[in-house]
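Data first, discussion second: the structure below is written as structure tokens.
Numbering (UniProt numbering), first residue to last: 1 to 97.
Written out as structure tokens, the structure reads:
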């Protein structure tokens with residue numbers, strides 16, 4: 001799993017970027033969706049704010065209630081420019097192993 005968070009947060013100075021709580025929740029939610037964790041296994045509050053569903057949708061909009069009640073994991077999908085799930089073979093193919 002690769003996450004490119006360069007576009008998140010704001011630059012504090014020339015070399016330091018500060019991430020908001022929403023940015024951190026988006027990163028953590030994406031990771032947990034990639035792992036296939038159920039909302040209850042993440043923390044007692046249910047789905048992480050900022051978590052993305054397939055297609056980049058925010059589950060808090062309408063579907064997170066169903067996910068929290070059923071315990072079904074939020075599905076993961078690659079988002080171009082933000083996250084990519086790669087196999088070791090994909091990485092080797094590009095000469096990075």
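C-beta atoms are modelled at their ideal positions from N, C-alpha and C, and glycine is treated no differently.
The structure displayed is predicted, hence computed values, not measured ones.
- In this structure, DSSP gives residue 35 a helical state, which the three-state scheme calls helix.
- Under the criterion of beta carbons closer than 8 Å, residue 84 and residue 2 qualify as touching, at roughly 5 Å.
- Contact check for residue 9 and residue 18: beta-carbon distance about 5 Å, within the 8 Å limit, so the pair qualifies.
- Taking the Cα positions, residue 31 is about 12 Å away from residue 5.
- Here residue 27 has 3, 5 as same chain residues with Cβ atoms under 7 Å from its own Cβ, once five neighbours each way along the sequence are excluded.
- Taking the Cβ atoms as the reference, residue 76 lies roughly 4 Å from residue 33, within the contact range of under 8 Å.
- Taking residue 36 as reference, the option from 7, 74, 88 with the minimal CA-CA separation is 74.
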